[in-house]
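So for the sequence shown, UniProt numbering puts the first residue at 1; every next one is plus one.
Only one structure is covered here, and it is reproduced in the block below.
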Amino acid sequence: MQAPAQVPLLYRDFVLREDEASDEESSSWDATTGRRSGMPRMMYGTAWKKEQTADLVYKAIKAGFRALDTAAQPKHYNEAGVGEGVRRAIREGIVRRQDLWIQSKFTSASGQRGQAPYDPTSPLKTQVETSILSSLECFRVDEDQGPYLDSLVLHAPYKDDASNAQVWSCFEEFVPNRIRYLGISNLLSDSGVLEALLQQSRVKPAVIQNRFHAPTKYEVELRERWCTDAQGAIIFQSFWTLSANQDMLASTAVEEVAQEAQVTKTAALYCLVIGLGKVCVLNGTTRERHMREDLEGWEQVSKWADGEGKAAWERSLTTFKSMIGQAD
1 MQAPAQVPLL
11 YRDFVLREDE
21 ASDEESSSWD
31 ATTGRRSGMP
41 RMMYGTAWKK
51 EQTADLVYKA
61 IKAGFRALDT
71 AAQPKHYNEA
81 GVGEGVRRAI
91 REGIVRRQDL
101 WIQSKFTSAS
111 GQRGQAPYDP
121 TSPLKTQVET
131 SILSSLECFR
141 VDEDQGPYLD
151 SLVLHAPYKD
161 DASNAQVWSC
171 FEEFVPNRIR
181 YLGISNLLSD
191 SGVLEALLQQ
201 SRVKPAVIQN
211 RFHAPTKYEV
221 ELRERWCTDA
231 QGAIIFQSFW
241 TLSANQDMLA
251 STAVEEVAQE
261 AQVTKTAALY
271 CLVIGLGKVC
281 VLNGTTRERH
291 MREDLEGWEQ
301 VSKWADGEGK
311 AAWERSLTTF
321 KSMIGQAD
């Protein structure tokens, strides 16, 4: 019997189960629950899609995306539309719910601009519970099976530790059956928020989702402190990866990978960011052609970097790290 082909490193899911020694050798499937246990390294971002959300999510899944990022924040996200797109893809047999990694966010009242999916005058615990239940209902695909989220992210931390602790404690009540993993976004590296959560929480943060751009020095310090194999299972999710870094498309590292692996410069940039370590990139393209190019390019670079292009890939990655101030 022929052994299954090894999945290239850049293309392997991150497996977040604490009992796994390394994501490099782990399965992407949880045999106990039948759900996807691995987070893909490229995630479709659904912000600002408005009435096009359902159609774009469906097209993204059809193109090959298996991870989706949304939020219970009506000003910027159409969470119900994301769920509609997912159900359409499931009805057509493109995927099953367990094939997908779906991530949502709880957004505080101050970030809702008057459009909260909960009563902003209600107690904080009620706000959190109402928001989570609303998100879960958006992803109900089977009347006989309760909906679940693969990950839930605190969209932005509160200014006080007490509120962060209360929100996180409420999150934990839904883990592991209805929410599998927790995370935090828009985190300032020197705020002390993550340290407090790691010390006080029962369910530790598994995700940090921040901007990847020059004003934050590409979060090198934060990533090196919290998102390395030596530091455990925290995955860095990069957003604004393309929109804030258009100049990088003309960089030597990106041009070399694009030329050598025969992919677009956009795909080359995404792959170099993924190659930095425990990084998942958000991709919010609205064009089907770009969806396919980015996904196919990611797979193509992954195979090339594991094979004939290994030396060229390592050289380009070293150049890219130097460009953003990250040690090799």
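Beta carbons are placed, not taken as given, at the ideal position from N, Cα and C, and that holds for glycine.
Keep in mind the model is a prediction, meaning the values are calculated, not measured.
Inter-residue spacing [alpha-carbon to alpha-carbon] between residue i and residue j
i    : j    : result
G93  : Y44  : 19 Å
R225 : V207 : 14 Å
F320 : V254 : 8 Å
Q112 : D119 : 11 Å
E293 : K265 : 10 Å
A162 : S134 : 24 Å
Y218 : F212 : 5 Å
Q6   : Q259 : 25 Å
L198 : P205 : 7 Å
L136 : R315 : 44 Å
S201 : G325 : 32 Å
E172 : V257 : 42 Å
N283 : D160 : 32 Å
P215 : R91  : 43 Å
Check whether residue i and residue j have beta carbons under 8 Å apart
i    : j    : result
T241 : G277 : no
L152 : I184 : no
P147 : P117 : no
D150 : R36  : yes
V167 : V128 : yes
Neighbourhood of residue i by C-beta, 6 Å cutoff - its chain only, sequence neighbours within 5 removed
i    : result
T70  : T46, Y77, E79, V82, S104
D23  : Any reading at D23 must be qualified, since the residue scores a pLDDT of 40, below 50, and its modelled position is unreliable; the value itself is stated next. Excluding sequence neighbours, D23 sits near F14, V15.
P8   : S302, K303, D306
R223 : F236
Closest by C-alpha distance to residue i, when choosing among the options
i           : options                : result
Q115        : G85, P123, A72, L136   : A72
V57         : A258, T286, R113       : T286
E299        : L16, E195, A54, A63    : A63
Y181        : S316, G38, L9, P8      : G38
D247        : W168, Y11, M323        : M323
residue 345 : G275, I179, N186, M42  : Nothing in the structure corresponds to residue 345, since the chain is present only between 1 and 328.
W313        : S191, S122, P40, I274  : I274
A250        : L269, F239, A233, I234 : L269
V279        : L154, T126, A233       : A233
Close beta carbons around residue i, own chain, < 8 Å, minus the five adjacent residues each side
i           : result
D142        : R97
residue 352 : No statement about residue 352 is possible, as the shown extent of the chain runs from 1 to 328 and does not include it.
Own chain residues within Cβ distance below 7 Å of residue i, not counting five before or after
i    : result
V263 : G297, Q300, V301
If you scan the stretch 257–304 from start to end, which runs of the alpha helix (DSSP H) of 4 or more residues do you find wholly inside it?
-> 265–274
At 4 residues or longer, and completely inside the stretch 78–156: list those alpha helix (DSSP H) runs for me, N to C.
-> Qualifying alpha helix (DSSP H) stretches, in chain order: 79–91, 124–138.
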